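Residue numbers (the numbering used here), protein chains in the order written: chain A, 396 to 760; chain B, 396 to 760.
Written out as structure tokens, the structure reads:
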């Protein structure tokens, strides 16, 4: 599997006339090698030359933690804390003859730290954005990836069900978030990607953190969360009613649910990403709430919580089988509150499959 | 408090003749503003000009989630998903007249994404490394910061005690890590910074992740973990014995414990950071295990898990009251196993205080 992915990388790289691709610890490196590393103050950089085996510059103590069997031959350039990384960068650049070469990098992952070192040890090199091609490499999920995503989603949904069953007025947003986090870990999450649990008027802002505000009867409660399994992320949002909620939010709920359904119904191969956004947005606009739907309809999902394809006006990228993304329309009315209903979908050969299964009816707690 | 910190920033900035400092979501921005934001694919950048109020380029939906009362006036440059960030970057650069200016940035935080946008909207600007000065700003922790660190440490130690009390042969490293994570969250952790739980021969590598290997009698178990509270991180390692461990590891334990004590005893104002490393390393070298102590003795600790001062040979930085860092010597013998004992210390006006209180005697489980 990794050898196939590496061959596909080399093909893309060759088409862009890149002599080398430099990858940071992160989703692309994990996709290509299985290595789940994290950036730190000790720089780590993987170099994939067009010819010859890849090279890995890394701290010695990370080198000792590498799995015994990497999927293909890798030349290691480790450095100790006393030495620092300079010598390892120089040795790798010399071995791969990087001076003056065209090097593709990840603009969203590489820091100025690594960029400057690379420019220094490879004088005259040309640094080019390669992210879009790496995303292309990862765009269509294979069956093994979809298995991991389904597992991440099942863990997330099981944990959400168990947590919601215990939610009660007086509990704070932070307490709900902690219970959900614990439930995800117990259900087998590799890690918890994120949890948003907000209630009452605070739901009028789509991206706020859980607070110490206690849940009250009459609140809406928005829970947006995702567990990670095998590196793959789930992302689901449901909006709940704590007792009787304002009549307008009941209406908004029905509108957002219809928008979610319209968005998902628009997903099929050959359609542009922006069409899914339009389908969901139209329902909300026609109900008179267009100005309150302040974010895109969705984003790609996989090794990253947010990755292409972005489901947004202006994105003409064509959907293809195996692409996975969220459909998450929302309406947020200042001082009153908000509603968001989010599902994860995969494009199939004929249409779409919704991977998330959590009920979409308004649940009263 | 934030106004004082901002004034100190301006002083440092002025001394470096920087017209502006550009900060990413992260520890420095949190220190200066209290804002706990995270980098995403939607760029966020805070600009601190030498004169006039700071500016914040950010996605509209993050702007909506900002606290009502920021500590000082901030000019907001929000952008929607449909617009993208280009216009907001241009408007901010125009408002702050950044073209041709000297701009300080964080090499460890800023990505090529933000760097390239900044270079584009501020033609002719000079991008300079400002990280060392920001670290200087944060180097000496004040009482409110030490309070948060003490709280993070107490949460971590309470969770570690509760977890260790339940550890038993047959439990996997991953299960131990999950129990510890749950215990930290229940004890009030804002988040869990990291958990390493490894046992048996795997302890011979200092930086490996928990695996599905079940704990066996005769194993050493290394647990290295830290909770976050108020943004501040704890970092503690203890090594436990599961039943009777090999005689050599018993000897190694005594050596590492003596090295930990020697390292902590060397901490006082006016001493160079490398002297603490030397004090710990000397004990291990004299016992004949020098080649197996493969990492630095410690690292600064605060809003980041790893920050200056680094306790490593070659670092002549002078320790000053209020500096906080780890002392964590370790010995790792291939195929046999390892021992690490890590404490967190703060430099006082006369010496040092060890903030971690967990017992250092070899505990047998």
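Note that beta-carbon positions come from the ideal geometry of N, C-alpha and C, so glycine has one too. Keep in mind the model is a prediction, meaning the values are calculated, not measured.
When only Cα atoms are considered, residue 609 (chain B) and residue 558 (chain B) end up about 16 Å apart. When C-alpha distances from residue 694 (chain B) are compared across B:685, B:686, B:704, the shortest belongs to B:704.
Residue environment for residue 495 (chain B): exposed (fewer than 16 other C-beta atoms within 10 angstroms of its C-beta).
Residue 708 (chain A) sits close to residue 477 (chain B), with the two beta carbons spaced by under 7 Å. Within the same chain, 438, 440 come within 6 Å of residue 509 (chain A) by CB-CB distance, once the 5 residues on both sides are set aside. Distances from the CA of residue 744 (chain B) to each of B:458, B:664, B:396 were compared; the closest alpha carbon is that of B:664. Within the segment 603-621 of chain A, contact with chain B at the beta-carbon level (separation under 7 Å) is assigned to 603. Straight-line measurement puts the Cα of residue 621 (chain B) at about 12 Å from the Cα of residue 583 (chain B). Sixteen is the threshold: when 16 or more other Cβ atoms of the shown chains lie within 10 Å of the Cβ of residue 544 (chain A), as they do, the residue is buried. Contact residues of the segment 499-514 of chain B toward chain A are 500, 501, 502, 503, 504, 505, 506, 507, 508, 510, 511 (C-beta to C-beta distance below 8 Å).
Within the same chain, 535, 536 come within 6 Å of residue 717 (chain A) by CB-CB distance, once the 5 residues on both sides are set aside. If you draw a straight line from the Cα of residue 567 (chain B) to the Cα of residue 598 (chain B), it is about 14 Å long. In the DSSP annotation of this structure, residue 564 (chain B) is not part of any beta strand (DSSP E), being labelled neither H nor E.
At a cut-off of 7 Å between C-beta atoms, residue 715 (chain A) does not count as an interface residue with respect to chain B. For residue 580 (chain A), the neighbours in chain B by C-beta distance under 7 Å run, in chain order, 573, 576, 577. Measuring C-alpha to C-alpha distances from residue 399 (chain A) to each of A:426, A:546, A:487, A:444 identifies A:426 as the nearest. The three-state secondary structure of residue 661 (chain B), taken from DSSP, is coil.
Of all residues in the segment 678-701 of chain A, those with a C-beta nearer than 7 Å to a C-beta of chain B are 689, 690, 691, 701, reading in chain order. Residue 412 (chain B) has its alpha-carbon roughly 16 Å from the corresponding atom of residue 492 (chain B). In its chain, beyond the 5 residues on either side, 473, 474, 475 have a beta carbon closer than 7 Å to the beta carbon of residue 455 (chain A). At a cut-off of 7 Å, the C-beta of residue 601 (chain A) has a neighbouring C-beta in chain B. Chain-order list of chain B residues neighbouring residue 477 (chain A): 707, 708, 709, by C-beta distance under 7 Å.
When CB distances to chain B are screened at a threshold of 7 Å, the residues of the segment 425-441 of chain A falling below it are 435, 436, in chain order. Annotation for residue 529 (chain A): 423, 501 place their beta carbon closer than 7 Å to its own, counting only its chain and skipping 5 residues before and after.
Residue pairing by DSSP places residue 518 (chain A) opposite no residue, since no beta bridge is assigned to it. Assignment of beta strand (DSSP E) within the segment 419-461 of chain A, counting only whole runs of 3 or more residues, yields 440-444, 450-454 in chain order. For the segment 666-694 of chain A, the full-length alpha helix (DSSP H) segments reaching 4 residues or more read 668-681 along the chain.
For residue 748 (chain B), the enclosing beta strand (DSSP E) covers residues 747-749. Just so you know, the alpha carbons of residue 760 (chain A) and residue 638 (chain A) end up roughly 6 Å apart.
Interface annotation for the segment 439-468 of chain A against chain B: 455, 456, 457, 459, 460, criterion Cβ-Cβ distance under 7 Å. Taking a C-beta distance under 7 Å as the contact criterion, residue 641 (chain A) and residue 727 (chain A) do not qualify as a contact pair. About 19 Å separates the Cβ atoms of residue 577 (chain A) and residue 594 (chain A), ruling out a contact at the 8 Å cut-off. It is roughly 11 Å from the alpha-carbon of residue 431 (chain A) to the alpha-carbon of residue 460 (chain A). DSSP places residue 397 (chain A) inside the alpha helix (DSSP H), whose first and last residues are 397-410. The C-alpha of residue 715 (chain A) is placed about 24 Å away from the C-alpha of residue 678 (chain A).
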